[in-house]
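Every letter in the sequence shown is one number past the one before it in UniProt numbering, and letter 28, counting from 1, is 28.
Encoded as structure tokens, the structure appears first; notes follow it.
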Amino acid sequence: MKLNTLTPAEGSTKNRKRIGRGTGSGRGGTSTRGHKGAKSRSGYKKKIGFEGGQMPLQRRVPKFGFKSFNRVEYKPVNLDTLQILAEQYNLTGIDMEALVAHGIASKNDKIKVLGGGELKAKLDVTAHQFSALAVEAIEKLGGTVNKI
1 MKLNTLTPAE
11 GSTKNRKRIG
21 RGTGSGRGGT
31 STRGHKGAKS
41 RSGYKKKIGF
51 EGGQMPLQRR
61 VPKFGFKSFN
71 RVEYKPVNLD
81 TLQILAEQYN
91 LTGIDMEALV
101 AHGIASKNDK
111 IKVLGGGELK
121 AKLDVTAHQF
131 SALAVEAIEK
141 LGGTVNKI
């Protein structure tokens with residue numbers, strides 16, 4: 001066997017369509033583009049969302065509301081979650097490292113402590129935001145509240 005005798009397997013290759021090479025080729029004339037219309041002409045480019053003149057979906061669907069791109073999303077953590085963490089792991093202070101280490105939040109989350117549930121332990125809590133009820137409950141037990 002020599003390199004010059006190698007051929008591809010039977011049926012694995014096909015000749016490409018030769019378009020626009022005269023009427024004898026069977027693909028001359030309109031060159032498989034049909035008759036008239038934008039798609040038959042050179043320079044045609046379909047615009048995104050164009051539906052052939054029908055009212056496009058993005059214009060048919062009603063629009064409402066507003067989302068501010070400056071909005072800050074907080075991960076909510078209730079007082080009862082802090083209580084469970086303090087009991088299970090004997091913590092006196094809860095900060096971002098503790099919450100990330102125990103799977104409550106990811107390192108990029110911003111934390112807001114909410115007043116849901118009951119807190120029994122004296123804790124030093126560090127987070128990005130606190131609700132008024134949470135601050136009241138933590139300080140009532142002698143704990144401290146620190147904002148990052």
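Ideal Cβ placement from N, Cα and C applies to all residues, glycine included.
Just so it is clear, the structure is predicted and the values come from calculations on it, not from any experiment.
Quick one: which unbroken alpha helix (DSSP H) runs of 4-plus residues sit fully inside the stretch 32-104? Chain order, please. The qualifying runs are 57-60, 79-89, 96-101.
If I measure Cβ to Cβ from residue 141 and keep anything under 8 Å in the same chain, skipping five residues before and after, which residues do I get? Around residue 141: 119, 120, 121, 122, 123.
Assuming residue 91 and residue 98 are in contact, meaning their beta carbons sit under 8 Å apart, how far apart are those beta carbons, in whole angstroms? Their Cβ separation, rounded to whole angstroms, is 6 Å, which keeps residue 91 and residue 98 in contact under 8 Å.
Hey, residue 56 and residue 50: beta-carbon distance below 8 Å or not? Their beta carbons are under 8 Å apart, which means residue 56 touches residue 50 by this criterion.
Can residue 40 and residue 34 be called in contact, C-beta distance under 8 Å? Residue 40 places its beta carbon less than 8 Å from that of residue 34.
Determine the extent of the alpha helix (DSSP H) in which residue 195 is found, giving its start and end residues. Outside the shown range of the chain, which is 1 to 148, sits residue 195, and nothing can be said about it.
Thinking C-beta only, is residue 78 closer than 8 Å to residue 103? Not in contact: residue 103 and residue 78 (Cβ atoms no closer than 8 Å).
With H, G and I counted as helix, E and B as strand and the rest as coil, what does DSSP make of residue 7? Reduced to three states, the DSSP call for residue 7 is coil.
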